[in-house]
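Taking it in order: structure first as structure tokens, then the write-up.
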Amino acid sequence: MHYRQIKKNGTIRYLLLWTLIGIVVGLAVLFIQGKIEITDFEFDNTSLLSKVQQPKSFSAAVSKAAPAVVTLNVQSLIEVPIQQEARQQLEQIFGKHLPDLMETKLHRSSGSGVILDTRGYV
């Protein structure tokens, strides 16, 4: 092993040891202060379900919100530089002193949204 690797492994062990000691001491202090306590925990699913009010139906919420959900499709024309191959072919014909040539392309994007108010804000 190289000296650096041995030194690195020793440093990692040193840091991990002091981190572990810090966690144990911190938990002990919290236990002594009464902020945490050790209990025997048993999970009782039936008591949990009786305490939490369960919604009656998710479909009711969906049926209310569904009319406000919209799909957005946007098309725009954008100018982009011509492809390198096309530029090289034009340079062979017209020479190397061509201006920056642009081509117009149709850009499409889509998404979805929710209508927020009667004015149509999405």
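Its first residue numbered 36, the sequence shown is counted upward by one per residue in my numbering.
From the three backbone atoms N, C-alpha and C, an ideal C-beta is built for every residue, glycine too.
May I ask you to list the residues that DSSP assigns as paired with residue i?
| i | result |
| --- | --- |
| Leu141 | Leu112 |
| Ser147 | Thr106 |
Cα separation between residue i and residue j?
| i | j | result |
| --- | --- | --- |
| Glu120 | Ile113 | 20 Å |
| Ser144 | Ala101 | 22 Å |
| Ile56 | Thr74 | 23 Å |
| Ala125 | Thr139 | Contrary to the premise, residue 125 reads as Leu rather than Ala in this sequence. The alpha-carbon atoms of Leu125 and Thr139 are separated by roughly 17 Å. |
| Val105 | Ser94 | 18 Å |
| Arg154 | Ala103 | 12 Å |
| Val59 | Leu51 | 12 Å |
| Phe129 | Leu141 | 28 Å |
| Gly148 | Val115 | 29 Å |
| Gly46 | Lys70 | Note that residue 46 is Thr in the sequence shown here, rather than Gly. Near 33 Å, if we compare the C-alpha coordinates of Lys70 and Thr46. |
| Leu62 | Lys99 | 49 Å |
| Gln118 | Asp135 | 11 Å |
| Gly146 | Ile67 | 55 Å |
| Glu72 | Arg48 | 30 Å |
Helix, strand or coil, according to DSSP, for residue i in the structure here?
| i | result |
| --- | --- |
| Gly130 | coil |
| Thr46 | helix |
| Leu107 | strand |
| Glu120 | helix |
| Gly57 | helix |
| Leu19 | The requested residue 19 does not occur in the structure, where the chain is confined to residues 36 to 157. |
| Ile67 | helix |
| Tyr38 | At Tyr38, the pLDDT of 49 sits below 50, so the modelled position is not reliable and the matter cannot be decided from this model. |
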